[in-house]
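See structure below.
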Amino acid sequence: MEKVSINDIVDQKILKYDLYDVTGAKLYSVGEILTPGKIIAIKEYDNLYRKSAVEKVDNILPVQSVLVDFDSDNLSNHKAIVSSKIQREIINSYANILDYAKMADWEEVEVLTNKLSDGIINLLTNLSNQIKFPHEIKLIGKYDVAHPVNVALYSALLAIKMELSELDVKNITVGSLLHDIGKIQIPPNIIEQKNASDKHLLIYKSHTILGYKILKNKLNFSNAIARIALEHHETMDGSGWPYGISNTMISDYAQHVAVCNYYDTLTSSTVTERNPVFSAVLKQMLKLGSKHFSPKPLYTFVHMFNFSDNISYMDLLTNDY
795 MEKVSINDIV DQKILKYDLY DVTGAKLYSV GEILTPGKII AIKEYDNLYR
845 KSAVEKVDNI LPVQSVLVDF DSDNLSNHKA IVSSKIQREI INSYANILDY
895 AKMADWEEVE VLTNKLSDGI INLLTNLSNQ IKFPHEIKLI GKYDVAHPVN
945 VALYSALLAI KMELSELDVK NITVGSLLHD IGKIQIPPNI IEQKNASDKH
995 LLIYKSHTIL GYKILKNKLN FSNAIARIAL EHHETMDGSG WPYGISNTMI
1045 SDYAQHVAVC NYYDTLTSST VTERNPVFSA VLKQMLKLGS KHFSPKPLYT
1095 FVHMFNFSDN ISYMDLLTND Y
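Residue numbering for the sequence shown is 795 to 1115, as defined by our numbering.
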């Protein structure tokens, strides 16, 4: 391992290498945005390390996750209905939430989550009748930041389209923003594994239970909101996880967010063989139907968009339209 200067690290906007502590445990991954919260946490360490050139391995995937510098307009979704500036503000707001969560500053997490959820709701309330294609509100970024934000955007829009109460729209937006918050307590090497062992897969799946406990016990959110984190991978036929519950045993909020979570996951891959056009994912969801999803949020979600959305995630990473 090669020791690195703290000053060299904090001068970077995006981390240029994996970062390890003195025990060899990975703290941060290459490509992570160095937000103020992360810089504060990094400065707490006396010594930090990266792998030296001779330690680096050659088994890098052919297609790497795209590193996004959110100070650059060129790497925003230029097909989005909102400006690049607003996109970056939303992404950076959620990155700050994650940073405070990793520092266990739950009071700040609650304040920032409520502020961001209110902003998302106001934005989509004003734009709901103008949005025709799902790619128009999809944001680009590192998956652990962009995915929760995208799920919240889709979930909030769906709730508005379903004419749910203001309280339900708010609760769903808050819960969807934090549906994956339990992952902060899972080792990064397990989160990033492509072919996890059964043991590591069980650890990964525990992020739902950990997230529930964070929302319920640390943030003091309602049980209804916390169950979004717990149940967003459950399915109507009971084939989901972590508990394999089915039908009405799954909370209404979780049934709602499960639709949006599935959609964003399948339209966020940067790997060629998993880079479908957005319309193909909508059709796949219809094929799974009520066996997998709750019918009302599923069919409302599918039909609130134009079926001819032939854009893919990779298309959003370029300006060639």
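C-beta: ideal position from N, C-alpha, C; glycine also.
Computed from a predicted structure; not experimentally measured.
Nearest candidate by alpha-carbon position, reference residue i, set the options
{"i": "Ile934", "options": "Ile925, Ser922, Thr967, Leu947", "result": "Leu947"}
{"i": "Asp1109", "options": "Lys873, Val798, Asp805", "result": "Lys873"}
{"i": "Lys780", "options": "Asn920, Ile800, Tyr822", "result": "No statement about residue 780 is possible, as the shown extent of the chain runs from 795 to 1115 and does not include it."}
{"i": "Ile915", "options": "Asn841, Ser970, Leu809, Ser1102", "result": "Ser970"}
{"i": "Ile803", "options": "Leu961, Lys837, Ala895", "result": "Lys837"}
{"i": "Leu972", "options": "Gly1083, Tyr811, Glu904", "result": "Glu904"}
{"i": "Ile827", "options": "Leu842, Leu809, Ala819, Gly818", "result": "Leu809"}
{"i": "Ile884", "options": "Val963, Ser922, Pro942", "result": "Pro942"}
{"i": "Leu952", "options": "Ile931, Asp938, Val939", "result": "Ile931"}
{"i": "Glu960", "options": "Ser870, Asp912, Tyr1056", "result": "Asp912"}
{"i": "Asn1055", "options": "Ala940, Tyr998, Asn1041", "result": "Ala940"}
{"i": "Pro981", "options": "Asn871, Val968, Lys896", "result": "Lys896"}
{"i": "Met1074", "options": "Pro1089, Val798, Tyr1057", "result": "Reading off the sequence shown, one finds Ala at residue 1074, where the question assumed Met. Considering only alpha carbons, the answer is Tyr1057."}
{"i": "Lys832", "options": "Ile880, Tyr888, Gly818", "result": "Tyr888"}
Range of the contiguous alpha helix (DSSP H) that encloses residue i
{"i": "Tyr888", "result": "878-896"}
{"i": "Lys1090", "result": "1089-1097"}
{"i": "Leu842", "result": "No alpha helix (DSSP H) holds Leu842; the beta strand (DSSP E) holding it covers 842-844."}
{"i": "Glu902", "result": "900-921"}
{"i": "Tyr1047", "result": "1046-1060"}
{"i": "Glu1028", "result": "Counting along the chain, Glu1028 falls outside any alpha helix (DSSP H), and DSSP gives it neither H nor E."}
Separation of residue j from residue i, as counted between CA atoms
{"i": "Leu910", "j": "Leu1013", "result": "15 angstroms"}
{"i": "Ser1000", "j": "Gly976", "result": "8 angstroms"}
{"i": "Thr907", "j": "Pro830", "result": "17 angstroms"}
{"i": "Ala950", "j": "Met1098", "result": "13 angstroms"}
{"i": "Tyr1093", "j": "Leu995", "result": "31 angstroms"}
{"i": "Ser878", "j": "Leu1060", "result": "23 angstroms"}
{"i": "Ala814", "j": "Ser1016", "result": "Looking at the sequence provided, one finds Tyr at residue 814 rather than Ala. The straight-line gap from Cα to Cα measures roughly 37 angstroms."}
{"i": "Arg1021", "j": "Tyr1006", "result": "6 angstroms"}
{"i": "Ile891", "j": "Glu902", "result": "8 angstroms"}
{"i": "Asn920", "j": "Lys845", "result": "48 angstroms"}
{"i": "Gly1034", "j": "Asp840", "result": "43 angstroms"}
{"i": "Asp1031", "j": "Ile1003", "result": "20 angstroms"}
{"i": "Ile800", "j": "Leu842", "result": "7 angstroms"}
{"i": "Ala835", "j": "Ser1045", "result": "36 angstroms"}
{"i": "His929", "j": "Lys797", "result": "42 angstroms"}
{"i": "Asp893", "j": "Asp974", "result": "14 angstroms"}
{"i": "Tyr811", "j": "Lys820", "result": "11 angstroms"}
{"i": "Gln1049", "j": "Ser870", "result": "30 angstroms"}
{"i": "Met1043", "j": "Val945", "result": "22 angstroms"}
{"i": "Asp805", "j": "Ser1088", "result": "47 angstroms"}
Nearest-angstrom beta carbon gap, residue j and residue i [assumed within contact, 8 angstroms]
{"i": "Tyr1047", "j": "Ile1019", "result": "7 angstroms"}
{"i": "Leu1076", "j": "Val1053", "result": "The pair is not a contact, with the Cβ atoms about 11 angstroms apart (cut-off 8 angstroms)."}
{"i": "Val1051", "j": "Ser1106", "result": "In fact, because the Cβ distance is near 23 angstroms, the residues do not count as touching under 8 angstroms."}
{"i": "Asn1104", "j": "Lys926", "result": "At roughly 13 angstroms, the Cβ-Cβ gap does not stay under 8 angstroms, so Asn1104 and Lys926 are not in contact."}
{"i": "Ile954", "j": "Leu918", "result": "6 angstroms"}
{"i": "Ile875", "j": "Gln924", "result": "6 angstroms"}
Self-check item: Sequence ranges, alpha helix (DSSP H) only - wholly within the segment 941-1002, length at least 4
Solution: 960-971, 982-985, 992-999
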